[in-house]
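Just so you know, we're using this note's numbering here: the sequence shown kicks off at 296 and counts up by one.
Everything on this sheet refers to the single structure shown next.
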Amino acid sequence: MKKTASKDRDFRRNRIERLLKLWEEHSAITSGWRGIGDCHGSDSLICFMERDSEFAPLKNRANNEGIEVEPLFIYDLPSSSSKSSPCDFQSLQPGSQISASETGTLGTFLSFNDPPCPDDPIYLLSCCHVLCPDGPVRDQSGIIVSTSRPVSDDILDVAIASLDHPENADPMNASLRFTTGNPVPLNPGDIVGKLGSKTCLTFGKYCCNAPKFLLSHYGSDREFTEVNNSLVIGSQPGQPFLAKEDSGAIVVDSVGRPAALIVSGACLVAVSGISSKPDRTSPMDCMSPLAIAVPFDQVLLNLQRLITDPKHKDRSLKMVTKKAKKLGNATTID
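Structure follows, in structure tokens:
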């Protein structure tokens, strides 16, 4: 069994590598091809497309390489018509609304691994497009909670900002409790949950890994954003997994372990057997929103490398799961 599984992984890896090579030559194949995704459990790979009319040339080229592909048309989420979150957030806690450059979701709080120091900062974690380039960061009541310059990774679109008053951080939310701060990998088909400031607690299914694709920006001056090594999470029937302002939410597995951070949303516009996409200049009815997320372990690793304070050299980041206390001029975590 182990040999069979290993051969299957090698086979799929080889197909992805060949499709990535085709991606590098995409301008010679079709201008409508926007990326690829690996569905694992399926016999075919997903191909993110801009125009269905240009799928045939790519399919033929891929088939000549021994690769089966299916089209998937995606665009970024339109603005939600919902006025407020169905959740009742009482304090600065995971899932609550924060705003700086844009409005988004506070994913969780981070600090440094043991041994703890009395002056260790506590950071709030969200997306770079929410927190960057500069503060201040405000909570759902409009109160300033961080005046520090965010530490950000533009590639992953994630960022952290040090709290002005760490003792105000409430790391546990009764609506979705983290059972551990340790990252966990997901397997295709896993049911996942997230707590977002717009749609509150929702559940979806991890669909596939997308080594590379370009996200089309619906009704925006920006044409595309390149997204790499992301997780694509689908909505459950009748329940959208996310909406605008859920960016930054932590994705957890079925037992509450952190797996990823939502950086974007996309609309499933058409799949194989459904002919055309809507006019990009028109409002879009997004019935099957997809979440685009980055692995939580990669988030921690990349942000830790970007922290330049020599006091924290070689100290890894961890999720804060206990409330901090103010003791004199120092802040400690229970």
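Ideal Cβ positions, reconstructed from N, Cα and C, are used throughout, including at glycine.
All values derive from a computational prediction rather than experimental measurement.
**Request:** Report, in whole angstroms, the separation of the C-beta atoms of residue 448 and residue 601, which I expect to be a contact under 8 Å.
**Result:** Taking the sequence shown and counting its residues from 1, one reaches residue 448 at position 153. Taking the sequence shown and counting its residues from 1, one reaches residue 601 at position 306. Between residue 601 and residue 448 the Cβ distance is about 6 Å, and since that is below 8 Å, they are a contact.
**Message:** Using 8 Å for Cβ pairs, my map puts residue 523 next to residue 535. What's the rounded Cβ distance?
**Reply:** The residue labelled residue 523 in the question sits at position 228 within the sequence shown. The residue labelled residue 535 in the question sits at position 240 within the sequence shown. At roughly 25 Å, the Cβ-Cβ gap does not stay under 8 Å, so residue 523 and residue 535 are not in contact.
**Prompt:** Who pairs with residue 584 in a beta bridge, going by DSSP?
**Reply:** Counting from 1 along the sequence shown, the entry for residue 584 is found at position 289. Answer is 562.
**Whole-number beta carbon distance between residue 598 and residue 455, since they are thought to touch under 8 Å** = Here residue 455 corresponds to residue number 160 of the sequence shown, with the count starting at 1. Here residue 598 corresponds to residue number 303 of the sequence shown, with the count starting at 1. Going by Cβ atoms, the distance from residue 455 to residue 598 rounds to 6 Å, so yes, they are a contact pair.
**Asked** Near residue 465, what residues of its chain come up, given a Cβ to Cβ distance below 7 Å and the 5 sequence neighbours on each side ignored?
**Response** Counting from 1 along the sequence shown, the entry for residue 465 is found at position 170. Excluding positions up to five away in sequence, the list reads 386, 387, 388, 618.
**Request:** For residue 353, count neighbouring C-beta atoms within 10 Å of its own C-beta (all shown protein chains included) and say buried if the count is 16 or more, exposed if not.
**Result:** Position 58 of the sequence shown holds residue 353. Its Cβ being crowded by 16 or more others within 10 Å, residue 353 is buried.
**Message:** Can you tell me where the beta strand (DSSP E) holding residue 613 begins and where it ends?
**Reply:** As a first step, residue 613 is located in the sequence shown; it is residue number 318 there, counting from the start. Here the beta strand (DSSP E) through residue 613 covers 612 to 614.
**Prompt:** Alpha carbon to alpha carbon, what distance is there between residue 413 and residue 426?
**Reply:** Taking the first residue of the sequence shown as 1, we reach residue 426 at position 131. Taking the first residue of the sequence shown as 1, we reach residue 413 at position 118. The alpha-carbon atoms of residue 426 and residue 413 are separated by roughly 26 Å.
**Message:** Could you check whether the Cβ of residue 408 sits closer than 8 Å to any Cβ belonging to chain D?
**Reply:** Reference to chain D is not applicable here, since this structure consists of a single protein chain.
**Item:** Residues bridged to residue 384 [DSSP beta-bridge criterion]
**Value:** Residue numbering aside, residue 384 sits at position 89 when the sequence shown is read from its first letter. The partner list for residue 384 (beta bridge, DSSP) is empty, contrary to what the question assumes.
**Asked** Considering residue 407, what are the terminal residues of the beta strand (DSSP E) in which it resides?
**Response** By 1-based counting over the sequence shown, the position of residue 407 is 112. Here the beta strand (DSSP E) through residue 407 covers 403 to 407.
**Request:** Verify whether the separation of the beta carbon atoms of residue 537 and residue 584 is less than 8 Å.
**Result:** The sequence position of residue 537 within the sequence shown is 242, counting from 1. The sequence position of residue 584 within the sequence shown is 289, counting from 1. In contact: residue 537 and residue 584 (Cβ atoms closer than 8 Å).
**Request:** Check the DSSP bridge columns for residue 398 and list the partner residues they point to.
**Result:** Counted from its first residue, the sequence shown places residue 398 at position 103. Answer is 394.
**Request:** Could you pull the start and end residues of the alpha helix (DSSP H) that residue 606 belongs to?
**Result:** Locating residue 606 in the sequence shown gives position 311, counting from the first residue. Residue 606 -> no alpha helix (DSSP H), and no H or E assigned at all.
**Request:** Rounded to whole angstroms, what's the CA-CA distance from residue 408 to residue 435? Just pull it up for me.
**Result:** Translated into positions along the sequence shown, residue 408 becomes position 113. Translated into positions along the sequence shown, residue 435 becomes position 140. Going from the Cα of residue 408 to the Cα of residue 435 covers about 29 Å.
**Message:** I need the boundaries of the beta strand (DSSP E) containing residue 372, first residue and last residue.
**Reply:** Here residue 372 refers to the residue found at position 77 when the sequence shown is read from its first residue. That residue, residue 372, is in no beta strand (DSSP E); it is neither H nor E in DSSP.
**Prompt:** Are the Cβ atoms of residue 491 and residue 361 separated by less than 8 Å?
**Reply:** Numbered from its first residue, the sequence shown carries residue 491 at position 196. Numbered from its first residue, the sequence shown carries residue 361 at position 66. Taking 8 Å as the Cβ cut-off, residue 491 and residue 361 do not qualify as a contacting pair.
**Prompt:** Is residue 474 closer than 8 Å to residue 280 when the C-beta atoms are compared?
**Reply:** The first residue shown for the chain is 296 and the last is 629, placing residue 280 beyond what the model contains.
**Item:** Boundaries (first-last residue) of the alpha helix (DSSP H) holding residue 489
**Value:** As a position in the sequence shown, residue 489 is number 194, starting the count at 1. No alpha helix (DSSP H) contains residue 489, which is instead part of the beta strand (DSSP E) from 486 to 491.
**Message:** Which same chain residues end up closer than 6 Å to residue 431 when comparing Cβ atoms and leaving out the 5 residues on each side of it in sequence?
**Reply:** Translated into the one-based positions of the sequence shown, residue 431 becomes position 136. So the list reads 439, 442, once near-sequence residues are dropped.
**Message:** By the DSSP assignment, the beta strand (DSSP E) with residue 547 in it spans what residues?
**Reply:** Residue mapping note: residue 547 aligns to position 252 of the sequence shown, counting from 1. Counting along the chain, the beta strand (DSSP E) containing residue 547 begins and ends at 545 to 547.
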